[in-house]
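One structure below.
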Amino acid sequence: MRAFLAGTVCATAVLGLVAPAAAADRCGKGPQHPGRAENLIVDVRATKTTCRTARQVAGRYRDRSSRTPLGFTCRSTPGEAEATVRCKRGARVVTFRLIVF
-12 MRAFLAGTVC ATAVLGLVAP AAAADRCGKG PQHPGRAENL IVDVRATKTT
38 CRTARQVAGR YRDRSSRTPL GFTCRSTPGE AEATVRCKRG ARVVTFRLIV
88 F
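Just so we're aligned, residue -12 is where the sequence shown starts under this note's numbering, counting upward by one.
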């Protein structure tokens, strides 16, 4: 009985250490400039941070040409008419697409 109980406790402890990856929250569009359509921020996602912070990071990345908005380090992957941007600060991750017209 003790061996069974010890095995169950060990299995539970091991399984408890393996947690699924955090799902990204879909935050919608980023801040837009009224009356202007260039450089739209779309498909903003937040992992281990709030949508408000994610939209702020995206807006500052675009508006201030900052590669470190709010302490996040950002890298972009350019495409034909858009760039996919990933910003990270520790375990916090913000991703978005920047569409250029």
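Glycine included, every Cβ here is placed at the ideal spot set by N, Cα and C.
Here the alpha carbon of L57 sits roughly 26 Å from the alpha carbon of F88. In this structure, DSSP gives A70 an extended state, which the three-state scheme calls strand.
One thing to note: R84 has its Cβ no nearer than 8 Å to the Cβ of V44.
Counting along the chain, the unbroken alpha helix (DSSP H) around V44 starts and ends at C38 to R51. The three-state secondary structure of G58, taken from DSSP, is helix.
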